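One structure is given here, and the rest of the page talks about it.
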Amino acid sequence: MAKIDTAFFDLSKLEEMANNDTVIHRIDPRIKVLVASMFVICVVSFHKYTISAILPFGLFLIIVMGLAEIPAFFLLKKIVLVSPFAIMVGIFNPLFDQQPIMVLGAITITGGWVSFVSILLRFGLCVGAVLVLIASTGFNTICLAMVKLGMPKIFAVQLLMLYRYIFVLIEEGLRMYQAMTLRTFHGRAIAMKTYMHLAGQLLLRTLDRAQRIHLAMLCRGFDGNIRIRQSLRMARLDIFFLAACFAILLLMRCYNIPAMFGRLITGIT
Amino acid sequence: MSHHIVEVQNLSYTYADGTKAVDGISFLIHHGESVAVVGANGAGKSTLLLHLNGYLTPQKGKVRIGDFPLTKKTIKDIRKTVGMVFQNSDDQLFMPTVYDDVAFGPLNLGLPAEEVEQRVLEALSRTNSEHLKDRPPYKLSGGEKRAVAIATVLAMSPDILVMDEPTSNLDPRARRSLIDLLSGFHHTKIIATHDLDMVLDLCERTIVILDGKIMADGPTLEIFQNTDLLVTCHLEKPLRMQPCPVLKPKVLK
Chain A
1 MAKIDTAFFD
11 LSKLEEMANN
21 DTVIHRIDPR
31 IKVLVASMFV
41 ICVVSFHKYT
51 ISAILPFGLF
61 LIIVMGLAEI
71 PAFFLLKKIV
81 LVSPFAIMVG
91 IFNPLFDQQP
101 IMVLGAITIT
111 GGWVSFVSIL
121 LRFGLCVGAV
131 LVLIASTGFN
141 TICLAMVKLG
151 MPKIFAVQLL
161 MLYRYIFVLI
171 EEGLRMYQAM
181 TLRTFHGRAI
191 AMKTYMHLAG
201 QLLLRTLDRA
211 QRIHLAMLCR
221 GFDGNIRIRQ
231 SLRMARLDIF
241 FLAACFAILL
251 LMRCYNIPAM
261 FGRLITGIT
Chain B
1001 MSHHIVEVQN
1011 LSYTYADGTK
1021 AVDGISFLIH
1031 HGESVAVVGA
1041 NGAGKSTLLL
1051 HLNGYLTPQK
1061 GKVRIGDFPL
1071 TKKTIKDIRK
1081 TVGMVFQNSD
1091 DQLFMPTVYD
1101 DVAFGPLNLG
1111 LPAEEVEQRV
1121 LEALSRTNSE
1131 HLKDRPPYKL
1141 SGGEKRAVAI
1151 ATVLAMSPDI
1161 LVMDEPTSNL
1171 DPRARRSLID
1181 LLSGFHHTKI
1191 IATHDLDMVL
1201 DLCERTIVIL
1211 DGKIMADGPT
1221 LEIFQNTDLL
1231 VTCHLEKPLR
1241 MQPCPVLKPK
1251 VLK
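Protein chains in written order, with the working numbering: chain A, 1 to 269; chain B, 1001 to 1253.
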């Protein structure tokens, strides 16, 4: 349990990173939001068996990550932490899709396995892109940027509250889990009924706490408007960054660059 | 001057589950006064405090802060006037860094950037926590958290400070420095607490409540000498006013 504890607690490390000052951090948040969305759209829109053409997107992400000085291992851990969702989505593909795509000696690779890997790859890239966006921008600023880009304010406030609520929920949940394990012996399974009580308790407790935090926000004049310290300013460099990123992303989307390289080197067409 | 007066008139509040938390409380607090609200657990202290910054609106009776009666329309002004320090600092600190947290209030007041920065630095220096400004609040020690929580309130420059158990969960030294800090403030202070020794240091006036009703309201020393009253209200004399248990074990009863 301690492991999950620290892994989640690390989430706020993302916010700490957002206070760094690198090339990527200085780019206007609106630009970053647009580029990240473009990235996700490109990655998601590939055909279900595609693997090689997606790989350059990984390179793109790694370069941005390097420029923003975000530790790769940290990010990887976060992606692995949420990967069960993607695995659940793709796990049945190898069973249902038995159509052979490739034969490597004695091993036949079916379409199911290829699409499963493709799903995991896309998932990793998309989650990675969003994490890099948060780590280089900060959640508040992202919400503000999205409002500036035309998202209704009420959604932004919802998102912000949700983001705060996650931390509260995890904290309360862990405390209750600790209290429960301390009074559970011999590794006995815990009755379903106990879990139901626990879940209900958790909801009530976190609601209470969230209410107190909301009160604290109200006490300091929160009125539904998001305000941040720095003002948003679009410089010429930002526009250039946007154009360059869009060009690169579209290029990678339209051409299978690894395959082109392969042809170039091996000379096989 | 009629400024910075807290006036509560016949205030009652019953929670949805039927608990009568506050039952006909009235008092008047003048500018610059420092008042302790003491009472047993569940006596209604916290509920009373929640009325003072407009989180709860009175079901019966009246609350008046400065020049404004407490109504839906005046809540914003009242929240600017009354700074509230919560019992649990974790509830009060929710931004990624201490600086952002202290800046949250001034930014919401719509102040220009330079003014915000000035206010934040000033509030942090008044609570001796400038060195914490880039740290995430959840990693601070209890004492540091409390200091920062007070800074977040000071940055709004309120006239009245309302505090719920400010010395709870603090080690003796952090408690002492908090008391020193608070004694340096010239705000009107309303402090709900069980720490009667702190009350001796900070408040010249004490209000004792039990089951939502005021049992006594008067000079602190006078009230703390009334042993019967304290016992009825689940309280004890401050340690400083008790005879030394080592030297006179028999006197203690």
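Glycine residues also receive a C-beta, built at the ideal position from the N, C-alpha and C atoms. Small disclaimer: the values here were computed from a predicted structure and weren't measured.
Below 8 Å on the Cβ atoms is my guess for LEU1132 of chain B versus VAL1148 of chain B; work out the distance and round it to an integer in Å. 6 Å
Give a yes or no on whether 9 Å exceeds the smallest Cβ distance from GLN1009 of chain B to chain A. no
Reduced DSSP category for LYS193 of chain A - H, G, I as helix; E, B as strand; rest coil: Reduced to three states, the DSSP call for LYS193 of chain A is helix.
Spatial neighbours of GLU1130 of chain B in its chain, beta-carbon cut-off 6 Å, leaving aside the 5 residues before and after: LEU1124
Any idea if ARG122 of chain A is buried or exposed, counting beta-carbon neighbours within 10 angstroms, 16 or more meaning buried? By the neighbour-count criterion, in which a residue is buried when 16 or more other Cβ atoms sit within 10 angstroms of its Cβ, ARG122 of chain A is buried.
Euclidean distance between Cα positions of PRO1172 of chain B and LEU1196 of chain B: Straight-line measurement puts the Cα of LEU1196 of chain B at about 14 Å from the Cα of PRO1172 of chain B.
Indicate whether ILE226 of chain A and CYS126 of chain A have their beta-carbon atoms separated by less than 9 Å. Taking 9 Å as the Cβ cut-off, ILE226 of chain A and CYS126 of chain A do not qualify as a contacting pair.
Going by DSSP, name the residue or residues bridged to GLU1007 of chain B. B:LEU1028 and B:ARG1064
Cross-strand partners of MET102 of chain A (DSSP beta bridge): Bridge pairing for MET102 of chain A: A:ILE109 [DSSP].
Would you mind stating whether ALA1192 of chain B and GLU1165 of chain B have Cβ atoms separated by less than 9 Å? yes
Straight-line CA distance for LEU250 of chain A to CYS42 of chain A? 7 Å
Closer than 9 Å to chain A by CB, LYS1072 of chain B: no
Considering only C-alpha positions, which residue in the set A:ASN19, A:GLU15, A:ARG30 and A:MET252 is nearest to GLY150 of chain A? A:ARG30
What is the rounded straight-line gap between the Cα of LEU61 of chain A and the Cα of GLN99 of chain A? 32 Å
Mapping DSSP to helix, strand and coil, what is TYR1015 of chain B? DSSP places TYR1015 of chain B in coil when its eight states are reduced to three.
Close Cβ partners of MET234 of chain A (< 8 Å) along its chain, the five nearest in sequence each way excluded: If we look at MET234 of chain A and ignore the five residues flanking it on each side, its Cβ neighbours are ASP28, ARG30 and ILE31.
What is the C-beta distance between VAL1035 of chain B and ARG1205 of chain B, in whole angstroms, given that I count them as a contact (C-beta under 8 Å)? 5 Å
How many Å lie between GLY1054 of chain B and LEU202 of chain A at the Cα? 27 Å
Look at ASP1067 of chain B and LEU215 of chain A and say whether their C-beta atoms are less than 9 Å apart. It is not a contact, given that the beta carbons lie outside the stated cut-off.
First and last residue of the beta strand (DSSP E) that includes VAL1037 of chain B? In the DSSP assignment, VAL1037 of chain B falls within the beta strand (DSSP E) that extends over 1034-1039.
GLY1024 of chain B and ASN1010 of chain B look like a contact to me (Cβ under 8 Å); what is the Cβ gap, rounded to whole Å? About 5 Å; that satisfies the 8 Å criterion.
Output needed for PRO1238 of chain B: all residues of its chain with C-beta closer than 8 Å, excluding positions within five of it in sequence on either side, in chain order. LEU1196, ASP1197, VAL1199, LEU1200 and PHE1224
Grab the span of the alpha helix (DSSP H) containing MET1215 of chain B for me, first residue to last. Where MET1215 of chain B is concerned, there is no enclosing alpha helix (DSSP H), although the beta strand (DSSP E) it sits in stretches over 1213-1219.
Is the CB of GLU1144 of chain B under 9 Å away from at least one CB in chain A? no
Simplified DSSP assignment, three categories, for ILE1191 of chain B: strand
Is HIS1031 of chain B a contact residue of the ligand GDP, with contact defined as CB to any heavy atom under 8 Å? The ligand content of the structure shown is nil, which means the ligand GDP is not present either.
Can you confirm whether ALA2 of chain A, when its beta carbon is compared against all beta carbons of chain B, has any partner nearer than 9 Å? Interpretation of ALA2 of chain A is limited by its pLDDT of 45, a score under 50 that renders its predicted location unreliable; the figure taken from the coordinates is listed afterwards. Put simply, the CB of ALA2 of chain A is far from chain B, with every gap to its CB atoms at 9 Å or more.
Is any beta-carbon of chain B found at less than 9 Å from that of GLU172 of chain A? no
Can you find the residues in the same chain that come closer than 8 Å, C-beta to C-beta, to ILE1214 of chain B, ignoring five residues on each side of it along the sequence? Same-chain partners within the cutoff: ILE1025, SER1026, PHE1027, ILE1207 and VAL1208.
Buried or exposed: which applies to ARG1146 of chain B, given that a residue is buried once 16 or more other Cβ atoms fall within 10 Å of its Cβ? buried
Could you check which residue in B:SER1012, B:VAL1120, B:GLU1114 and B:ASN1128 has the C-alpha nearest to that of GLY1184 of chain B? Ranked by Cα distance from GLY1184 of chain B, the first of B:SER1012, B:VAL1120, B:GLU1114 and B:ASN1128 is B:ASN1128.
When you compare each of B:THR1220, B:ALA1216, B:GLU1007 and B:LEU1221 to LEU1229 of chain B by their alpha carbons, which one comes out closest? B:ALA1216
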